[in-house]
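Colleague:
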Amino acid sequence: MLRSATHTEDAEYTFGSHRATRRPVSHYVLALGALFAAALAAIPLVYLLVRVSAANPTVVSELVARGRTLELLFNTVGLVVSVAAASLVIGVTIAWLVTRSDLAGRRAWLVISSLPLAIPSYVAAFGWVATTPLRGFWGAWLVLTVCNIPLVTLPTVAALRQSNSGAEDVARTLGKSRIAAFMAATWPQVRPAALAGTLLVSLYVLSDFGAVALMRFDAFTWAIHTAYSSLFDRTLAATLSVLLAVLGIALVYAERRARGAHTRFGSTVTTRTPVVPTPLGRGAILAHTGLASIAVLSLGVPLATLVRYLGLRVEGAIAVTAADLAADLGATVMLAGAGAAIALTLSFPIGLFAARVGGALARLAESVSYLGLALPGIVVGLALVFFSLAVVPALYQTGLMLAFAYGILFLPKALGAVRSSIEQVEPGLEDVGRTLGETQWGVWRRVTARIAWPGIGAGALLVALTAMKELPATLLLRPTGTDTLATSLWRLTEASAYSAAAPYAVLLIVAATIPTLLLTREAMAHTAPRKGARL
Amino acid sequence: MFMRTSAVVALAATTLVACSSPASETPTSEAESDGTLVVYSGRSEELVAPLITQFEDATGITVEVRYAGSTELAALLLEEGDATPADVFFSQDAGALGAVSKEGAFVTLPESVTGAVDAGFTSQDGTWVGVTGRARVVVYDAEELTADELPTSIHDLTDPRWSGQVGIAPTNSSFQAFVTALRVLEGEDAARAWLEAMVANDVQIYPKNTPIRDAVNAGEIDLGLINHYYWYRLTAEIGAENSRAQLSFLEAGDAGSIVNVTGAGLLAPAASDADALEFIEYLISDEGQQYFVDNTFEYPLAGDVESPTGLPGLGSLTNPELDLSDLDSLADTTALLAEVGLL
Chain A
1 MLRSATHTED AEYTFGSHRA TRRPVSHYVL ALGALFAAAL AAIPLVYLLV RVSAANPTVV
61 SELVARGRTL ELLFNTVGLV VSVAAASLVI GVTIAWLVTR SDLAGRRAWL VISSLPLAIP
121 SYVAAFGWVA TTPLRGFWGA WLVLTVCNIP LVTLPTVAAL RQSNSGAEDV ARTLGKSRIA
181 AFMAATWPQV RPAALAGTLL VSLYVLSDFG AVALMRFDAF TWAIHTAYSS LFDRTLAATL
241 SVLLAVLGIA LVYAERRARG AHTRFGSTVT TRTPVVPTPL GRGAILAHTG LASIAVLSLG
301 VPLATLVRYL GLRVEGAIAV TAADLAADLG ATVMLAGAGA AIALTLSFPI GLFAARVGGA
361 LARLAESVSY LGLALPGIVV GLALVFFSLA VVPALYQTGL MLAFAYGILF LPKALGAVRS
421 SIEQVEPGLE DVGRTLGETQ WGVWRRVTAR IAWPGIGAGA LLVALTAMKE LPATLLLRPT
481 GTDTLATSLW RLTEASAYSA AAPYAVLLIV AATIPTLLLT REAMAHTAPR KGARL
Chain B
536 MFMRTSAVVA LAATTLVACS SPASETPTSE AESDGTLVVY SGRSEELVAP LITQFEDATG
596 ITVEVRYAGS TELAALLLEE GDATPADVFF SQDAGALGAV SKEGAFVTLP ESVTGAVDAG
656 FTSQDGTWVG VTGRARVVVY DAEELTADEL PTSIHDLTDP RWSGQVGIAP TNSSFQAFVT
716 ALRVLEGEDA ARAWLEAMVA NDVQIYPKNT PIRDAVNAGE IDLGLINHYY WYRLTAEIGA
776 ENSRAQLSFL EAGDAGSIVN VTGAGLLAPA ASDADALEFI EYLISDEGQQ YFVDNTFEYP
836 LAGDVESPTG LPGLGSLTNP ELDLSDLDSL ADTTALLAEV GLL
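Just so you know, the protein sequences line up as chains A and B, in that order.
With my numbering, the residue at position 492 of the first sequence is 492, and numbering never jumps.
With my numbering, the residue at position 42 of the second sequence is 577, and numbering never jumps.
(1) DSSP three-state label for B:ARG748, please.
(2) Using a Cβ-Cβ distance under 8 angstroms, would A:ARG216 count as near chain B?
(3) Between B:ARG748 and the rest of its own chain, which residues show a CB-CB distance below 7 angstroms, the 5 nearest in sequence each way excluded?
(4) I think A:LEU151 touches A:GLY197, with their Cβ atoms under 8 angstroms apart; what is that distance to the nearest whole Å?
(5) For A:THR398, I'd like the list of residues in its chain whose CB is within less than 7 angstroms of its CB, leaving aside the five on either flank, ordered along the chain.
(6) Within 10 angstroms of the Cβ of B:ASP808, are there 16 or more other Cβ atoms? Answer buried if so, exposed if not.
(7) Quick check on the DSSP output: the beta strand (DSSP E) that includes B:ALA670 runs from which residue to which?
(8) If you check the beta carbons only, do B:ASP716 and B:LEU857 fall under 8 angstroms apart?
(9) With a threshold of 8 angstroms between beta carbons, is A:ARG491 in contact with chain B?
(10) Can at least three beta-carbon pairs, one atom from the stretch 402 to 419 of chain A and one from the stretch 358 to 374 of chain A, be found at a separation below 8 angstroms?
(11) Leaving aside the five residues before and after B:VAL738 along the sequence, list all residues of the same chain whose C-beta is less than 7 angstroms from its C-beta, in chain order.
(12) Chain B partners of A:THR480, CB-CB under 8 angstroms?
(13) Look up B:TYR602 in the DSSP assignment and give the residues it is bridged to.
(14) Report yes if the C-beta distance between B:VAL652 and B:ILE819 is below 8 angstroms; otherwise report no.
(15) Exposed or buried, which one is B:GLU591 when buried takes at least 16 other CB atoms within 10 Å?
(16) Flag this pair as touching only if the stretch 114 to 131 of chain A and the stretch 242 to 258 of chain A have three or more C-beta atom pairs under 8 angstroms; answer yes or no.
(17) Under 8 angstroms by Cβ, that's how I've got B:LEU802 and B:THR619 pegged, so tell me the actual separation to the nearest angstrom.
(18) Using a Cβ-Cβ cutoff of 7 angstroms, what residues of the stretch 609 to 638 of chain B are near chain A? List them in chain order.
(19) Take A:ARG234 as the anchor and find which of A:TYR47, A:ALA512 and A:GLY455 has the nearest alpha-carbon.
(20) Between the C-alpha atoms of B:SER568 and B:ALA771, what's the straight-line distance to the nearest angstrom?
(21) How about B:LEU859: is its C-beta nearer than 8 angstroms to some C-beta of chain A?
(22) Straight-line CA distance for A:SER421 to A:SER163?
(23) Any chance the stretch 126 to 142 of chain A sits against the stretch 170 to 188 of chain A, with 3 or more Cβ pairs inside 8 angstroms?
(24) With a Cβ-Cβ cutoff of 8 angstroms, do A:GLY136 and A:ARG216 count as a contact?
(25) Please state the DSSP three-state secondary structure of A:GLU438.
(26) Taking its Cβ as the centre, do 16 or more other Cβ atoms sit within 10 Å of A:TYR309, making it buried, or is it exposed?
(27) Are A:THR149 and A:GLY91 touching if we call contact CB-CB under 8 angstroms?
(28) Would B:GLN659 be called buried (16 or more neighbouring beta carbons within 10 Å of its own) or exposed?
(29) Considering only residues of the stretch 729 to 815 of chain B, which uninterrupted alpha helix (DSSP H) runs meet the minimum length of 4 residues and lie entirely inside it, listed in chain order?
(30) So for B:ALA873, helix, strand or coil by DSSP?
(31) Do A:ALA365 and A:ALA34 come within 8 angstroms of each other at the CB atom, strictly closer than that value?
(32) Should B:LEU680 be flagged as near chain E, meaning a C-beta pair shorter than 8 angstroms?
(33) Which residues does DSSP list as the beta-bridge partners of A:SER101?
(34) With respect to the beta strand (DSSP E) encompassing B:GLY702, which residues constitute its N-terminal and C-terminal limits?
(35) Determine the direct distance from the alpha carbon of A:LEU361 to that of A:PHE36, and round the result to whole angstroms.
(36) Whose C-beta lies closer than 6 angstroms to the C-beta of B:GLU599 among residues of the same chain, with five residues either side of it excluded?
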């Protein structure tokens, strides 16, 4: 049985028609909520368009048309495509190994493969620059790939665990090779999750500044930073940023086309036959070697560099006290947590609207909300400086405005989780709820949200985790005098006080490891739907 | 669920607002002192924080400091415009001050302030004042080289004698200021030819000044182009006599011996803020200048404070053919560096 998400709309009108007059109202309210949230997410774009339109049109068109823009476009697209392709292939392979094969220590390997999420890409890049001569395109490619693979691995693991393995077994008995059987039977079921992860990777690469700057790779973000910092040319910076936003939207549409309709083989409610692990045979050695190599590249190199600097106590160096660290940790956790709550609040109406109502408006709201992730932090930061001073000056340079920036920057990470979790809730369950006399809001709250909750929680964790590592927007928007672990790390490395900076980096990684471990656990435990849904 | 999330957000919002400082009020009345001021500092907290405390103790004025990179703060100030909570911008380099000044965000400083610093080390229009000077120097490996073997001009560095032995930091703003000076003094073609010859001579690339200094001190390379105070920081830790890396100056007038400045400006909304002006005056006072000499080993630009020991007089480094305000064409410098493959 093949069912697409649009099935919901038909079902609405076959069940509980005595409430038909109220239903459009709740959809209307939902649409308004979704559009409001999307409008907030569009603040950076509005800001950029204001900046560009205030400039001389000839200047802008000359900037766009010059050869340098084409070169930046070529470099950036090349990096995005190659990192995304590598992350997709490696991420899906790891996910398959830890869920479907008989590899020893699968759970441990999943945890190890997920830990790079806790390492900021600028720390990873610093580790590589400090210990190897690797620079340029391949340096940026390597660092961004190994840091981002878990963004594909984790959702794919969750999707594999709730997919039906029976079809793949059938394909095997029909004489298909292992890869052909996987592609024919299992890939369609995990494709949306894997591609959603790949989209997050692509947008991250598009907007990353730290790694490309350290690797000295000439990408859009670097040119944007140069425009702000060496040239003080805000028109150039805004023009390049608009192009980056267009690229981001193009990626969102490309992913939507590639993803296709949400596919489910067999009911998710009935119990499934347990997965029989595929024996790897001698391939196990290859698998262990491959996983270990990735661990060395993603964790070994940056952590070894940190340990080296931790041990390096220079006389007269800046002393770091536990109190300093604790204060920064507290601020980091509180701001990242508030950012995650805001991202979740914004993503809920958009995700619910996209999953349950759909249509062109929902697609627009969803696409716009991906903008934050496509733009570099300095652009989103300056956009919120502009917005905050113009609309809510009282909140300027407060923690709330910074948390709001995190909410906008990382909204896509929450949105992907919210939408896919809601899509996995059997629409029939909602219909049952309605026939039992519950209102539409009541059904969403008591049935949909409860079943989808673990996935939504995972989205919030992912936002918090990313917000902890954020630097450029934090530097611009933080309350004067407030330091986070990331800003202290920046401050000390700027002063070349690497031994003093190392404890901050270590604490940041340790703090980010906790949500990473929770995410891993969530991915492994994933079976849908949850039994917790009470009607 | 949704309601609960909203409650969490509301709670977080209240907590965050309660524990963070709101934007400060713009002073309205004439030359008034309200006992507080906000400084945007592009100079690092490690260097500046003790001086701020010293100022607070001396004057009773409370200072709030926002630390970030000079160029990011310049971008922030341009975005904030008249709504800026900042009263003073204290910048690591003249370029960022020039950018803010160009947008008219500074007010003209009183003659008593701008006149305290010699022309050539401060702004021409009085919108900002130079605070300290940082000379471009050559550090050399004293175990490999004697004083008479040292280069006297940057043009000596393209000699095969120094192949693979010279360290530079092309992403560093002081290095870029030096390349800009080279372009201004000798022309675009000469600057490009020099950079290409350096690349052909296997010039060694480092991320910043400190690693160049350390590489020379470790005997990995013979020569490095850095700012003078990095050498003083090293010798303050290990002692000049224990340092393998030693300091030398190229001949006066060479682009490789220019002096960059740090400086401060008063932002337009703080035009009548007496506290803000007092802070800028403190930076160029004898106490302020002495602090920089003792702690950052930079050249004092005002008053009678003596330069750090061992430095040639600032006057001997003054280049009559070069004005610091000519160094604002950084865009062309970064383009040139990218063109020859150094960026």
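All C-beta atoms in this analysis are idealised placements derived from N, C-alpha and C, irrespective of residue type, glycine included.
Modeller: So, from the listed chains and residues:
(1) Walking along the second sequence from the start, residue 748 of chain B turns up at place 213. DSSP places B:ARG748 in helix when its eight states are reduced to three.
(2) Against the first sequence, residue 216 of chain A aligns to sequence position 216. Yes, A:ARG216 counts as interfacial toward chain B.
(3) Translated into the one-based positions of the second sequence, residue 748 of chain B becomes position 213. So the qualifying residues of the chain are VAL674, GLY759, ILE761, TYR765, TRP766, LEU769 and ALA780.
(4) Taking the first residue of the first sequence as 1, we reach residue 151 of chain A at position 151. Taking the first residue of the first sequence as 1, we reach residue 197 of chain A at position 197. Rounded, the Cβ-Cβ distance is 5 angstroms, consistent with contact.
(5) Counted from its first residue, the first sequence places residue 398 of chain A at position 398. Here the set comprises PRO479.
(6) Walking along the second sequence from the start, residue 808 of chain B turns up at place 273. The residue in question, B:ASP808, is buried, as its Cβ has 16 or more Cβ neighbours within 10 Å.
(7) Counting from 1 along the second sequence, the entry for residue 670 of chain B is found at position 135. Per DSSP, B:ALA670 belongs to the beta strand (DSSP E) from 663 to 676.
(8) In the second sequence, counting from the first residue as 1, residue 716 of chain B sits at position 181. In the second sequence, counting from the first residue as 1, residue 857 of chain B sits at position 322. Note that residue 716 of chain B is Ala in the sequence shown, not Asp. Yes.
(9) Along the first sequence, one-based indexing puts residue 491 of chain A at 491. It does: the Cβ of A:ARG491 has a partner Cβ on chain B nearer than 8 angstroms.
(10) yes
(11) Within the second sequence, residue 738 of chain B is the residue found at index 203, counting from 1. For B:VAL738, where only same-chain residues beyond five positions count, the Cβ hits under 7 angstroms are VAL701 and ILE703.
(12) Here residue 480 of chain A corresponds to residue number 480 of the first sequence, with the count starting at 1. Residues of chain B passing the Cβ test: SER556, VAL573, GLU599, VAL600, ARG601 and PRO620.
(13) For this step, residue 602 of chain B is matched to residue 67 along the second sequence. Answer is B:SER576.
(14) One-based indexing of the second sequence puts residue 652 of chain B at position 117. One-based indexing of the second sequence puts residue 819 of chain B at position 284. Yes, the Cβ-Cβ distance between B:VAL652 and B:ILE819 is below 8 angstroms.
(15) The residue labelled residue 591 of chain B in the question sits at position 56 within the second sequence. B:GLU591 comes out exposed.
(16) no
(17) In the second sequence, counting from the first residue as 1, residue 802 of chain B sits at position 267. In the second sequence, counting from the first residue as 1, residue 619 of chain B sits at position 84. Confirmed, about 6 angstroms.
(18) ALA609, ALA610, LEU611, LEU613, GLU614, GLU615, ALA618, PRO620 and ALA634
(19) Stepping through the first sequence from its first residue, residue 234 of chain A is reached at position 234. Considering only alpha carbons, the answer is A:TYR47.
(20) By one-based count along the second sequence, residue 568 of chain B stands at place 33. By one-based count along the second sequence, residue 771 of chain B stands at place 236. Cα-Cα distance, rounded: 39 angstroms.
(21) As a position in the second sequence, residue 859 of chain B is number 324, starting the count at 1. Taking Cβ atoms only, chain A never reaches closer than 8 angstroms to B:LEU859, which makes this a no.
(22) Within the first sequence, numbered from 1, the residue matching residue 421 of chain A stands at position 421. Within the first sequence, numbered from 1, the residue matching residue 163 of chain A stands at position 163. Taking the straight line joining both Cα atoms gives about 14 angstroms.
(23) no
(24) The residue labelled residue 136 of chain A in the question sits at position 136 within the first sequence. The residue labelled residue 216 of chain A in the question sits at position 216 within the first sequence. Yes, they are a contact pair.
(25) Translated into positions along the first sequence, residue 438 of chain A becomes position 438. Coil, per DSSP.
(26) Position 309 of the first sequence, counted from the first residue, corresponds to residue 309 of chain A. Result: buried.
(27) The residue labelled residue 149 of chain A in the question sits at position 149 within the first sequence. The residue labelled residue 91 of chain A in the question sits at position 91 within the first sequence. One point to set straight first is that residue 149 of chain A is Ile, not Thr, in the sequence displayed. Contact: yes.
(28) Translated into positions along the second sequence, residue 659 of chain B becomes position 124. By the 10 Å Cβ count, B:GLN659 comes out exposed.
(29) 744 to 752 and 763 to 773
(30) As a position in the second sequence, residue 873 of chain B is number 338, starting the count at 1. If DSSP states are grouped into helix, strand and coil, B:ALA873 belongs with the helices.
(31) Along the first sequence, read from residue 1 onward, the residue named residue 34 of chain A stands at position 34. Along the first sequence, read from residue 1 onward, the residue named residue 365 of chain A stands at position 365. In this structure, A:ALA365 lies closer than 8 angstroms to A:ALA34 by Cβ.
(32) You won't find chain E in this structure, because its protein chains are A and B.
(33) Looking up residue 101 of chain A in the first sequence gives position 101. In DSSP, A:SER101 forms a bridge with A:THR278.
(34) Stepping through the second sequence from its first residue, residue 702 of chain B is reached at position 167. It spans 701 to 703 - the beta strand (DSSP E) in which B:GLY702 sits, taken as one unbroken run.
(35) What you label residue 36 of chain A is simply residue 36 of the first sequence in a count that begins at 1. What you label residue 361 of chain A is simply residue 361 of the first sequence in a count that begins at 1. If I take the Cα positions, the gap works out to 12 angstroms.
(36) Stepping through the second sequence from its first residue, residue 599 of chain B is reached at position 64. Same-chain partners within the cutoff: VAL573.
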